[in-house]
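> Next up is a structure, given as structure tokens.
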Amino acid sequence: MNPYILTILLFGLSLGTTITFTSSHWLLAWMGLEMNTLAIIPLMAQHHHPRAIEATTKYFLTQATAAATLLFASVTNAWLTGQWEIQQITHPLPSTMITLALALKIGLAPLHAWLPEVLQGLDLTTGLILSTWQKLAPFALILQIQPSNPTLLIILGLTSTLVGGWGGLNQTQLRKILAYSSIAHLGWMILVLQFSPSLTLLTLLTYFVMTFSTFLVFKLNKSTNINTLATSWTKAPALTALAPLILLSLGGLPPLTGFMPKWLILQELTKQGLAPAATLAALSALLSLYFYLRLSYAMSLTISPNNLTGTTPWRFSSTQLTYPLATSTAMTICLLPLTPAISTLLTP
Numbered sequence: 001m002n003p004y005i006l007t008i009l010l011f012g013l014s015l016g017t018t019i020t021f022t023s024s025h026w027l028l029a030w031m032g033l034e035m036n037t038l039a040i041i042p043l044m045a046q047h048h049h050p051r052a053i054e055a056t057t058k059y060f061l062t063q064a065t066a067a068a069t070l071l072f073a074s075v076t077n078a079w080l081t082g083q084w085e086i087q088q089i090t091h092p093l094p095s096t097m098i099t100l101a102l103a104l105k106i107g108l109a110p111l112h113a114w115l116p117e118v119l120q121g122l123d124l125t126t127g128l129i130l131s132t133w134q135k136l137a138p139f140a141l142i143l144q145i146q147p148s149n150p151t152l153l154i155i156l157g158l159t160s161t162l163v164g165g166w167g168g169l170n171q172t173q174l175r176k177i178l179a180y181s182s183i184a185h186l187g188w189m190i191l192v193l194q195f196s197p198s199l200t201l202l203t204l205l206t207y208f209v210m211t212f213s214t215f216l217v218f219k220l221n222k223s224t225n226i227n228t229l230a231t232s233w234t235k236a237p238a239l240t241a242l243a244p245l246i247l248l249s250l251g252g253l254p255p256l257t258g259f260m261p262k263w264l265i266l267q268e269l270t271k272q273g274l275a276p277a278a279t280l281a282a283l284s285a286l287l288s289l290y291f292y293l294r295l296s297y298a299m300s301l302t303i304s305p306n307n308l309t310g311t312t313p314w315r316f317s318s319t320q321l322t323y324p325l326a327t328s329t330a331m332t333i334c335l336l337p338l339t340p341a342i343s344t345l346l347t348p
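Be aware that the sequence shown starts at 1, since it is given in UniProt numbering, and climbs by one per residue.
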């Protein structure tokens with residue numbers, strides 16, 4: 001893609017998110033979300049491949065549906081209460097509609113079906129943008145409205161953690177596995193949102209760091225399915241040794257960074273008297289852990305010749321920058337000891 005066009009599109013992406021961040025009026029927030037969607041569509045369709053075009057079309061249709069629902073709900077709220085302010089959502093009907101529209105935007109279960117299909121059709125760089133940056137604007141709105149229907153949030157959160165764990169079990173494509181991983185992590189965030197918004201934000205940031213590392217590892221290895229992971233030890237042995245730690249951090253195992261948000265969320269849910277929800281979420285994390293372990297096994301616990309049929313590729317020198325990967329990997333693996341300091345910052 002032409003670098004000037006790429007710069008304009010990335011500027012449009014950041015501007016759309018910034019407008020949604022800073023707006024207090026529903027129309028401006030909706031406009032920011034639309035700019036976001038329109039800026040990423042050319043990035044998704046830049047490889048003229050049928051899968052990419054199909055993914056772009058699916059993404060456009062789901063985002064347009066969510067945006068239309070959001071606009072309809074905000075107009076309904078203005079009609080019922082006379083308010084266009086984002087934080088003045090008092091009526092339960094527009095509040096529920098807006099929550100569901102934003103859930104469709106970010107891919108929460110049961111409105112998740114588009115996310116694995118779309119992510120599977122994209123290259124890893126655009127997939128990374130979709131999994132991280134595109135979640136920011138809808139999350140800003142969810143955090144602001146503090147939905148008036150707490151039961152809905154608990155149901156969305158638990159469904160997402162279960163679907164995210166269950167859906168990834170049978171997958172062999174890495175991008176689909178990462179999509180289900182994304183759904184499960186979003187479920188954890190939504191589960192604790194009404195009790196501790198700052199903890200939701202912490203979970204979102206740690207998820208971003210871990211996903212960034214995972215996508216960059218797969219991009220460096222040019223891997224798109226489990227079988228191609230088996231030959232990664234010939235390309236980057238040190239990275240192959242660290243990759244299981246990154247994946248297990250995503251799964252939430254101690255003593256890695258990914259354990260911190262899960263631990264704090266389970267603690268908060270238990271404090272709020274939601275022990276059954278906490279138990280269900282913890283059990284669903286085991287489902288996710290299974291497919292992370294599967295990836296770790298394929299990547300670093302097997303050496304050729306093995307039972308994974310992967311053909312060894314040519315070892316060209318990679319043009320990818322390694323500093324971002326090194327930084328994010330260190331953060332993904334080593335931040336757990338800072339939990340006391342971070343939890344002190346979280347307490348109001």
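From the three backbone atoms N, C-alpha and C, an ideal C-beta is built for every residue, glycine too.
Nearest-angstrom Cα distance between Y4 and L301?
Residue mapping note: residue 4 aligns to position 4 of the sequence shown, counting from 1. Residue mapping note: residue 301 aligns to position 301 of the sequence shown, counting from 1. Each residue's Cα considered, the two are about 44 Å apart.
> Do L136 and L193 count as a contact pair if the criterion is CB distance below 8 Å?
Here residue 193 refers to the residue found at position 193 when the sequence shown is read from its first residue. Here residue 136 refers to the residue found at position 136 when the sequence shown is read from its first residue. For L193 and L136, no; Cβs fall outside 8 Å.
> My output table needs one value for Q134: the three-state DSSP class, helix, strand or coil.
Here residue 134 refers to the residue found at position 134 of the sequence shown. Correct three-state label for Q134: helix.
> Measure the beta-carbon distance from G164 to S181 and round it to whole angstroms, keeping in mind my assumption that it falls under 8 Å.
Here residue 164 refers to the residue found at position 164 of the sequence shown. Here residue 181 refers to the residue found at position 181 of the sequence shown. Rounded, the Cβ-Cβ distance is 7 Å, consistent with contact.
> Note the first and the last residue of the continuous alpha helix (DSSP H) segment covering A30.
For the purposes of this step, residue 30 is taken as the residue at position 30 of the sequence shown. Contrary to the premise, residue 30 reads as Trp rather than Ala in this sequence. Where W30 is concerned, the enclosing alpha helix (DSSP H) stretches over W26 to M44.
> Using three-state DSSP, classify N225 as helix, strand or coil.
Position 225 of the sequence shown, counting from 1, holds the residue named residue 225. Three-state result, N225: strand.
> Can you tell me the Cα-Cα spacing of L287 and S232, whole angstroms?
Sequence index remark: in the sequence shown, residue 287 carries index 287 (1-based). Sequence index remark: in the sequence shown, residue 232 carries index 232 (1-based). Cα to Cα, L287 sits roughly 25 Å from S232.
> Is DSSP giving Q63 helix, strand or coil here?
Counting from 1 along the sequence shown, the entry for residue 63 is found at position 63. Of the three classes helix, strand and coil, the one that applies to Q63 here is helix, per DSSP.
> Using DSSP with H/G/I as helix, E/B as strand and the rest coil, what is Q267?
Along the sequence shown, read from residue 1 onward, the residue named residue 267 stands at position 267. Q267 falls in the helix class under three-state DSSP.
> Looking at the structure shown, is Q120 part of a helix, part of a strand, or coil, going by DSSP?
The count along the sequence shown starts at 1 and reaches residue 120 at position 120. DSSP places Q120 in helix when its eight states are reduced to three.
> Using DSSP with H/G/I as helix, E/B as strand and the rest coil, what is Q173?
If you number the sequence shown from 1, residue 173 lands on position 173. Correct three-state label for Q173: strand.
> What residues match up with E85 in a beta bridge as DSSP calls it?
As a first step, residue 85 must be located in the sequence shown, where it is residue number 85. According to DSSP, which records beta bridges pairwise, E85 is partnered with H25.
> Taking Cβ to Cβ, would you say T224 is nearer than 8 Å to L174?
Translated into positions along the sequence shown, residue 224 becomes position 224. Translated into positions along the sequence shown, residue 174 becomes position 174. Yes, Cβ-Cβ distance for T224 and L174 is below 8 Å.
> Indicate the three-state DSSP secondary structure (helix, strand or coil) for H47 in the structure shown.
If you number the sequence shown from 1, residue 47 lands on position 47. DSSP places H47 in coil when its eight states are reduced to three.
> Around the C-beta of Q87, are 16 or more other C-beta atoms found within 10 angstroms, so that it is buried, or is it exposed?
As a first step, residue 87 is located in the sequence shown; it is residue number 87 there, counting from the start. The residue in question, Q87, is exposed, as its Cβ has fewer than 16 Cβ neighbours within 10 Å.
> State the DSSP-derived secondary structure class of M1, mapped to helix, strand or coil.
Your numbering for residue 1 matches position 1 in the sequence shown. M1: coil per DSSP, three-state reduction.
> Can you list, in chain order, the residues of its chain whose CB lies under 7 Å from that of S343, leaving out five sequence neighbours each side?
Against the sequence shown, residue 343 aligns to sequence position 343. L264, listed in sequence order.
> Report all residues from its chain with a CB closer than 6 Å to the CB of F208; omit the five preceding and five following residues, and keep chain order.
Numbered from its first residue, the sequence shown carries residue 208 at position 208. Counting only Cβ-Cβ distances below 6 Å, and skipping sequence neighbours, we find T132.
> In the structure shown, what three-state DSSP assignment does Q144 receive?
Position 144 of the sequence shown, counting from 1, holds the residue named residue 144. Q144 falls in the helix class under three-state DSSP.
> Cα separation between G127 and M260?
As a working note, residue 127 is residue 127 in the sequence shown. As a working note, residue 260 is residue 260 in the sequence shown. The alpha-carbon atoms of G127 and M260 are separated by roughly 25 Å.
> May I have the straight-line CA-CA distance separating H25 from A238, to the nearest angstrom?
Taking the first residue of the sequence shown as position 1, residue 25 is located at position 25. Taking the first residue of the sequence shown as position 1, residue 238 is located at position 238. Whole-angstrom Cα-Cα distance: 50 Å.
> Indicate the three-state DSSP secondary structure (helix, strand or coil) for P92 in the structure shown.
Here residue 92 refers to the residue found at position 92 when the sequence shown is read from its first residue. Reduced to three states, the DSSP call for P92 is helix.
> CB L250 to CB M210, shorter than 8 Å?
As a working note, residue 250 is residue 250 in the sequence shown. As a working note, residue 210 is residue 210 in the sequence shown. Contact flag set, yes.
> For N149, which of helix, strand or coil comes out of DSSP?
As a working note, residue 149 is residue 149 in the sequence shown. Coil, per DSSP.
> Does the beta-carbon distance from W84 to L27 come in below 8 Å?
Translated into the one-based positions of the sequence shown, residue 84 becomes position 84. Translated into the one-based positions of the sequence shown, residue 27 becomes position 27. Cβ atoms of W84 and L27: closer than 8 Å.
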